[in-house]
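Residue numbers (the numbering used here): 22 to 343.
Don't be surprised by glycine CBs; every beta carbon is placed ideally from N, CA and C.
None of the values given here were measured: they were computed from a predicted structure.
To start, the structure itself, in structure tokens.
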Amino acid sequence: MDPAPQPRDLTWFRLLALSAVWLAATRLLPRYAIYLIPLSLARHMTLQAYLMLVQVVVTAIGLGLAALILRAPRRGLGLAWPAGYQLAIVIAATPIIFVAASYIAIGAAFRTLMEEIARGGAEVSRQNAGEFGRSLKQDPAVLTVVWSAILAPIAEELLFRGALWSFVTDLTRRLLRAPDKASESLSAFLDESPVVRALSTVKDWLLSGGIATVLSAGLFGWMHADMPGGVGIVRVVSTTCLGLACGVARHRTGTVLAAIVVHFTFNALSIGQTRRWWIVGGFSNYFGVSTLMSLVAGLCAIGITIGVVVRYLITPRGKPAP
């Protein structure tokens, strides 16, 4: 009797369906959910309150759908606790990421920002930031932190570095083909070539999560292209850099919780930058970035270097560090 055929593993398709519905809800609900709210309530809602409500609803939809269609929802979303050492590295690295992303974003938008200032002063940038920018600066600090530094990281990372990242990674792994004997022989012949080893390392990185990191970061940046002018350029570039960092955190640790921590810390630092919390004790802004944060980033870089070296020295040989 022939053995019973094995059921096809449709994990990638389930993750695709989950990601598509979740992305659609993320894109459409902020625009149209306001029409579902009673007018008497909507008139008294601030932008922050509305966006917080939408984030909670969208996240509930995504998590509920994941529980319904995924065989292993926790694994599909990357829900696992990172190692303590990994978490410490992630937290210490985020100020470095924030400062680097800020300089890159401002550099990319510098010409546009200068043209806007020459044409109409700083008021042009404030107008381009719109109600969103005003709420970040003027709404109660507690609500701003809850919205931007807690709810947003959880909601966005569960989608972009959770479901979407897992889908792309699972799909790229399935597209791999086992090398034939001829290619194996050629690989063995060229094994000593540094170039071949480097290319093999890059290929392994891309297929094990690098492609997912790049694609999810690009989509993440595009989803934040909601402001015109120089402010819009800064927003897209900085969020794309943040997406890359969160993807690397998910890739390196294997858990979306590390990406949430990066996003939380990044947004908290961004709120402080916007509200000028870091302009204290003689510190100022340089090229739009607090010199205090630049100092903190430098100290974090030194701390990470020392930690990595010490961990390498105390780790027994033949037993790789986690």
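- A Cβ-Cβ distance of about 18 Å is found for the pair A246 and G268, leaving them out of contact under the 8 Å criterion.
- Per DSSP, reduced to three states, the secondary structure at S311 is strand.
- Within 10 angstroms of the beta-carbon of H272 lie 16 or more other beta-carbons, which makes it buried.
- Looking at the DSSP output, N306 bridges to S311.
- Here A93 carries a coil assignment [DSSP, helix/strand/coil].
- Secondary structure at W298: coil, using DSSP grouped into helix, strand and coil.
- Following the DSSP letters along the chain, one finds M66 in no alpha helix (DSSP H), marked with neither H nor E.
- By the CB criterion at 8 Å, G275 and G154 fall outside the cutoff.
- Rounded to whole angstroms, the gap between the alpha carbons of G328 and Y106 is 9 Å.
- Relative to the Cα of E177, the nearest Cα in the group S311, A238, R95 belongs to A238.
- In this structure, L68 lies near S156, with their beta-carbon atoms less than 8 Å apart.
- Three or more beta-carbon pairs separated by less than 8 Å are not found between the segment 303-312 and the segment 181-195, which leaves the two stretches without contact.
- Straight-line spacing of the CA atoms in I323 and I117 works out to 11 Å.
- Sequence-distant partners of A270 (beyond 5 residues in either direction) whose C-beta falls short of 7 Å from its own C-beta, in its chain, are V111, A279, A280, V283.
- Between the alpha carbons of T260 and A130 lies a gap of roughly 14 Å.
- Across the structure, C321 and T312 are spaced so that their CA atoms are roughly 14 Å apart.
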